[in-house]
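Numbering (the numbering used here), first residue to last: 2 to 257. Each remark here refers to the structure printed beneath this line.
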Amino acid sequence: MIKVSQLSFYYNESEAPSINNVSMTITKGTVTTILGPNGSGKTTLLKCLAGFYKTQTGEISIDGRNLTTLSSVQRSRLVSYMPQNHHTVFPYRVIDIVLMGRSCHLSPFAAPRKKDFDLALAALETVGIGKLSQRIYTKLSGGEKQLVLIARSLAQQSPVMLMDEPISHLDYKNQITVLRLIRSILSAHELTIIITLHDPNMAASFSDEIVLFKQGKILKKGKVDETITSELLSQLYDIAVSVTGEGYKLIYCPEV
């Protein structure tokens with residue numbers, strides 16, 4: 002279980018907080034989506050949960066362990082983080098990128114062991130791109146790169162996976178493919194997964210719980226039918242939204 006208590010974070014204390022007194026509990030073994038517009042603080046919140054940012058107030062605990070008391074290696078063994086964008090100039094092979102997820106299990110300057118290579122290859126097979134292990138990462142398509150980063154998180158073997166916009170820059174088919182993969186990984190590996198998304202349709206289709214996030218605050222947290230409503234989404238996005246039909250089909254109705 003992940004417990005967040007009265008969390009606040011400022012990039013600059015002379016400005017409004019990016020994360021403002023956030024409290025929530027994330028149930029173990031679920032996919033929770035943080036849903037909100039651009040600039041709402043979703044990525045900042047995810048980085049706080051990963052321990053990348055030192056918050057001014059509040060506490061984050063995972064299975065009763067206070068995140069701020071842990072070393073970076075200890076945190077990495079608990080939490081993996083998949084960024085929205087990953088750029089590298091060096092022509093790493095795909096297998097090398099995935100092996101980076103094993104660094105928290107190695108001594109400083111130690112080379113990856115056979116076990117680490119086996120786990121990295123297994124992770125690539127799990128996401129369906131084992132045949133790309135020797136390809137150059139920078140030459141892959143956007144969808145293939147996303148799958149490599151998911152494999153890296155999987156190889157890290159952390160019980161909590163954080164994914165920032167895992168379907169950004171993907172076409173509709175690949176968005177569905179990646180989100181289905183995330184659901185299958187959850188079932189097979191008994192993980193707790195937190196992702197950020199912009200699209201309410203995708204969030205409604207693939208999430209166990211949704212956190213509606215606006216201006217650094219939680220507007221609403223709950224099951225899909227508690228959060229994906231016309232009233233709440235209209236409030237979240239500041240536009241008229243109608244939720245209709247089975248599967249939470251969403252219709253955007255702009256005021257003209």
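Think of the CB as a built atom: it goes at the ideal place given N, C-alpha and C, for glycine as much as any other residue.
Cβ shell of residue i (< 8 Å), same chain only, five flanking positions each side left out
{"i": "VAL23", "result": "VAL5, GLN7, LEU8, SER9, LEU46, GLY59, GLY217, LYS218, ILE219"}
{"i": "LEU120", "result": "ARG103, ALA156, GLN158"}
{"i": "SER41", "result": "PHE214, LYS215, GLN216, GLY217"}
Per-residue burial, residue i [other beta carbons within 10 Å of its own, 16 or more giving buried]
{"i": "ILE168", "result": "buried"}
{"i": "VAL74", "result": "exposed"}
{"i": "THR1", "result": "The chain is shown from 2 up to 257; residue 1 falls before or after that span and cannot be answered."}
{"i": "ALA17", "result": "exposed"}
{"i": "ILE20", "result": "buried"}
{"i": "ILE240", "result": "exposed"}
{"i": "VAL242", "result": "buried"}
{"i": "VAL90", "result": "exposed"}
{"i": "ASP165", "result": "buried"}
{"i": "THR69", "result": "exposed"}
{"i": "ARG181", "result": "exposed"}
{"i": "ARG114", "result": "exposed"}
Sequence-distant residues of the same chain with beta carbon closer than 6 Å to residue i, five excluded per side
{"i": "GLY102", "result": "ARG153, ALA156, GLN157"}
{"i": "TYR238", "result": "PRO38"}
{"i": "ASN13", "result": "none"}
{"i": "ALA51", "result": "VAL80, TYR82, LEU163"}
{"i": "SER62", "result": "LYS4"}
{"i": "LYS221", "result": "LEU213, THR228, LEU233"}
Nearest-angstrom beta carbon gap, residue j and residue i [assumed within contact, 8 Å]
{"i": "VAL99", "j": "LEU133", "result": "10 Å between Cβ atoms; not a contact."}
{"i": "VAL212", "j": "MET2", "result": "So it is not a contact: roughly 15 Å between Cβ atoms."}
{"i": "LEU150", "j": "HIS87", "result": "6 Å"}
{"i": "LEU36", "j": "LEU187", "result": "LEU36 to LEU187, Cβ: 18 Å. No contact."}
Cα-Cα separation, residue i to residue j
{"i": "GLU191", "j": "THR44", "result": "24 Å"}
{"i": "TYR138", "j": "GLU227", "result": "41 Å"}
{"i": "ASN202", "j": "THR56", "result": "32 Å"}
{"i": "VAL32", "j": "LYS215", "result": "20 Å"}
{"i": "GLN262", "j": "GLU145", "result": "Since the first residue of the chain shown is 2 and the last is 257, residue 262 is not available in this structure."}
{"i": "ARG94", "j": "GLY131", "result": "12 Å"}
{"i": "ILE177", "j": "HIS170", "result": "13 Å"}
{"i": "ASP200", "j": "SER206", "result": "10 Å"}
{"i": "THR193", "j": "PHE118", "result": "24 Å"}
{"i": "PHE110", "j": "PRO92", "result": "20 Å"}
{"i": "ALA123", "j": "ILE96", "result": "11 Å"}
{"i": "THR127", "j": "GLY223", "result": "30 Å"}
Selection from the options that minimises the alpha carbon distance to residue i
{"i": "THR230", "options": "ILE20, VAL244, GLY223, LYS221", "result": "VAL244"}
{"i": "VAL179", "options": "VAL161, PRO160, ALA204", "result": "ALA204"}
{"i": "LYS48", "options": "GLY65, TYR11, GLY30", "result": "TYR11"}
{"i": "ARG78", "options": "TYR54, PRO92, SER235, VAL161", "result": "VAL161"}
{"i": "ASP172", "options": "LEU150, SER142, CYS105", "result": "SER142"}
{"i": "SER72", "options": "ASN86, PRO84, PHE53", "result": "PHE53"}
Cutoff 7 Å; reference residue i; Cβ partners in own chain excluding five residues on either side
{"i": "ASN67", "result": "GLU60"}
{"i": "VAL257", "result": "Caution is warranted here: a pLDDT of 43 is assigned to VAL257, below 50, making its placement in the model unreliable, and the coordinate value is therefore given only provisionally. Excluding sequence neighbours, VAL257 sits near nothing in its chain."}
{"i": "SER208", "result": "VAL32, THR33, THR34, VAL225"}
{"i": "ASP64", "result": "MET2"}
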